[in-house]
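384 is the number that our numbering gives to position 384 of the sequence shown; each next residue is one higher, with no gaps. Positions of the beta carbon are idealized from the N, C-alpha and C atoms, including for glycine. Note that this is a predicted model, so its numbers are computed, not measured. A quick write-up on the structure given underneath.
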Amino acid sequence: MFTKILIANRGEIACRIIKTAKAMGIATVAVYSETDRNALHEQLADESVAIGPSPSNESYLVSNKLIQAALDTGAQAIHPGYGFLSENAEFCRLCAANNLVFIGPPVEAILAMGSKSAAKTIMADAGVPLVPGYHGDDQNPEIIKQAANNMGYPVLLKAAAGGGGKGMRAVYAEGEFDEALGAAKREALNSFNDDIMLVEKYLLKPRHVEIQVFCDSHGNAVYLFERDCSVQRRHQKVIEEAPAPGMTDTLRQQMGEAAIKAALAINYEGAGTVEFLLDAQGEFFFMEMNTRLQVEHPVTEMISGQDLVEWQLRVASGEPLPCSQEQLTINGHAFEARIYAEDPDHDFLPVTGRLTVLQPPRESAHVRVDTGVVEGDEVSIYYDPMIAKLIVWDTDRDRALQRLTQALSEYRIGGLTTNIGFLYNLAISQAFQNGDVDTGYIEEHEAEIFRQRDRDIDYAAPLAAAAIFKLREQQAQIQASPFNGAQFTLASVQ
Ligand code: MV4
Numbered sequence: 001m002f003t004k005i006l007i008a009n010r011g012e013i014a015c016r017i018i019k020t021a022k023a024m025g026i027a028t029v030a031v032y033s034e035t036d037r038n039a040l041h042e043q044l045a046d047e048s049v050a051i052g053p054s055p056s057n058e059s060y061l062v063s064n065k066l067i068q069a070a071l072d073t074g075a076q077a078i079h080p081g082y083g084f085l086s087e088n089a090e091f092c093r094l095c096a097a098n099n100l101v102f103i104g105p106p107v108e109a110i111l112a113m114g115s116k117s118a119a120k121t122i123m124a125d126a127g128v129p130l131v132p133g134y135h136g137d138d139q140n141p142e143i144i145k146q147a148a149n150n151m152g153y154p155v156l157l158k159a160a161a162g163g164g165g166k167g168m169r170a171v172y173a174e175g176e177f178d179e180a181l182g183a184a185k186r187e188a189l190n191s192f193n194d195d196i197m198l199v200e201k202y203l204l205k206p207r208h209v210e211i212q213v214f215c216d217s218h219g220n221a222v223y224l225f226e227r228d229c230s231v232q233r234r235h236q237k238v239i240e241e242a243p244a245p246g247m248t249d250t251l252r253q254q255m256g257e258a259a260i261k262a263a264l265a266i267n268y269e270g271a272g273t274v275e276f277l278l279d280a281q282g283e284f285f286f287m288e289m290n291t292r293l294q295v296e297h298p299v300t301e302m303i304s305g306q307d308l309v310e311w312q313l314r315v316a317s318g319e320p321l322p323c324s325q326e327q328l329t330i331n332g333h334a335f336e337a338r339i340y341a342e343d344p345d346h347d348f349l350p351v352t353g354r355l356t357v358l359q360p361p362r363e364s365a366h367v368r369v370d371t372g373v374v375e376g377d378e379v380s381i382y383y384d385p386m387i388a389k390l391i392v393w394d395t396d397r398d399r400a401l402q403r404l405t406q407a408l409s410e411y412r413i414g415g416l417t418t419n420i421g422f423l424y425n426l427a428i429s430q431a432f433q434n435g436d437v438d439t440g441y442i443e444e445h446e447a448e449i450f451r452q453r454d455r456d457i458d459y460a461a462p463l464a465a466a467a468i469f470k471l472r473e474q475q476a477q478i479q480a481s482p483f484n485g486a487q488f489t490l491a492s493v494q
């Protein structure tokens, strides 16, 4: 096992990784930009290295700075977290060239999943079910249109290099095809410098169900069940849960085995996620594979009782998987809600500012809060405005959902606008309570989620109470301090 690792990331995921490394007796090196000089991840690590200015393309995205920091501190491995360099094949290669272990899959696996068309060819050969469609090399527009006509409308055009809905166009009739293809190609060229397109049958209101897989370097592979991530807004996940509502043992096993086939087809190692679309008839189709630890991994940890970061560290150091498939079981139900500094009443525009009050619900066997900020920290313009992930667990879905609404109503954040009220309204909406989710959920239930202000949590009184409590605490501290002559001013609490 490694004795020291560098975490090439920041925020909650850097803190999350440090926590497990500490528990395993592994020393940690944090890296930090100017803005993050005193950030929680920098404080929690055993050592830290400054990597330059706040913009991520001058710090967290500069491969050479991270490699140099690892070499200078004697770290043997680099954990990339998610985002930033986590799926960057060049960075993965650079680690190897410097005798550093990249805590992630082999570079070939990252490259294999880089193109949607190439990935679909690999998966078709491996016998993984695909959405009917055309993903060939011949990019003649007439060939693509003929494929669309043959499968029947509606169809969905997707950029092979795409992700997150960019370069994607729905086409409802042959007459719209040429214009849609042109527009999708232009968007893809602008975004990815690559306009290779594929076309698929457009599934209406599918669910997004993904399977957590793990493979080691000894040929072992397991799946750690599924997560339902259907509730999204403009391709951003909002609430995730495990297991998926309504999932049967048979379908779970079929999807799990298909996911393992997908992973083995690309000689995968480490933590991976195979995303599927699941239709109302229970048919499922491979969408893509994410070659990293995902933001929503905690719901899988809560229902499986496994620490996925510990698994990553063991596998990366050459150990076999800690468990066989037969030893893995599902216990209870978990939700994750992503708490953001953003304004739901203004098109979810990101919000910046100081977290003057930050009082998460108390953590317990039922409530987990993964965060990278403390009260008084600033949410800056430089990075993703996620404040925390709130994860809850209980023995069944109804009870877990009750835990979620309770924890959301206890969460106190002052100083900036957050999406907590929106998450609360979403969690109490009737169809969500029923587990009746699909990828159109938020749009379909907009009126219920946005309009029921009377059912919103009432924040004003609890926030005022929190501010008064904090003022008293600060005054008591000053009175007890040997420097109690110091000037004390109350920071404004919003
Ligand atoms: C689809 C689809 C329906 N049919 N493909 C959206 C992002 C990209 N990764 C794939 N996406 C979709 N592909 C076919 N053939 C619907 C979506 C989709 C979606 C998928 C998962 C989660 C949320 C979504 C929201 C809108 C559309």
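Rank the options by C-alpha distance to the C-alpha of residue i and give the top, closest one.
| i | options | result |
| --- | --- | --- |
| M247 | T121, H297, E210, K261 | E210 |
| Q406 | L416, N425, A388 | N425 |
| S117 | E12, A8, V199, S63 | V199 |
| D138 | V101, D195, L94 | D195 |
| F450 | K470, D436, Y134, I420 | I420 |
| Q76 | S86, A97, L308 | A97 |
| Y32 | V369, L404, R227, C15 | C15 |
| R169 | A147, M197, L328 | M197 |
| M287 | F102, L308, L278, Q294 | L278 |
| P243 | C229, Q236, R233, A427 | C229 |
| A159 | E187, S304, H235 | E187 |
| N190 | A161, V213, D398, A265 | A161 |
| E283 | V131, L85, S409 | V131 |
For residue i, which of helix, strand or coil comes out of DSSP?
| i | result |
| --- | --- |
| T356 | coil |
| L251 | helix |
| A50 | strand |
| M168 | coil |
| D394 | strand |
| H445 | coil |
| H41 | helix |
| V379 | strand |
| I17 | helix |
| M333 | At residue 333 the sequence reads His, which differs from the Met that was named. In the structure shown, H333 sits in a strand (DSSP, three-state: E or B). |
| T28 | strand |
| Y411 | coil |
| L130 | strand |
| V274 | strand |
| Q406 | helix |
| N290 | strand |
| D454 | Note on D454: pLDDT 48, under 50, position unreliable in the model; the coordinate value appears next. It is helical. |
| P350 | strand |
| L328 | coil |
| F285 | strand |
| A159 | strand |
| L401 | helix |
| L321 | coil |
| L6 | strand |
Within the present structure, is the beta-carbon of residue i separated from the nearest heavy atom of the ligand MV4 by less than 7 Å?
| i | result |
| --- | --- |
| L277 | yes |
| H297 | no |
| V131 | yes |
| Q433 | no |
| T439 | yes |
| G414 | no |
| G165 | yes |
| M123 | no |
| K201 | yes |
| Q236 | no |
| H135 | no |
| A156 | The question names Ala, yet the displayed sequence has Leu at residue 156. Within the cutoff, so yes. |
| E288 | yes |
| H516 | In the structure as shown, the chain begins at 1 and stops at 494. Residue 516 is therefore absent and cannot be evaluated. |
Taking the DSSP output, what are the residues bridged to residue i?
| i | result |
| --- | --- |
| Y340 | M386 |
| R368 | I391 |
| H297 | Per DSSP, none; premise fails for H297. |
Can you find a C-beta in chain D that's less than 8 Å from the C-beta of residue i?
| i | result |
| --- | --- |
| M302 | Absent here is chain D; the protein component of the structure consists of one chain. |
Every unbroken beta strand (DSSP E) within the stretch 177 to 261, with a cutoff of 3 residues, ordered by chain: Counting only runs of 3 or more residues that sit fully inside the stretch 177 to 261, the beta strand (DSSP E) segments are 197 to 201, 207 to 215, 221 to 233, 236 to 242, in chain order.
Every unbroken alpha helix (DSSP H) inside the stretch 53 to 107 [4 residues or more]: 63 to 73, 89 to 97
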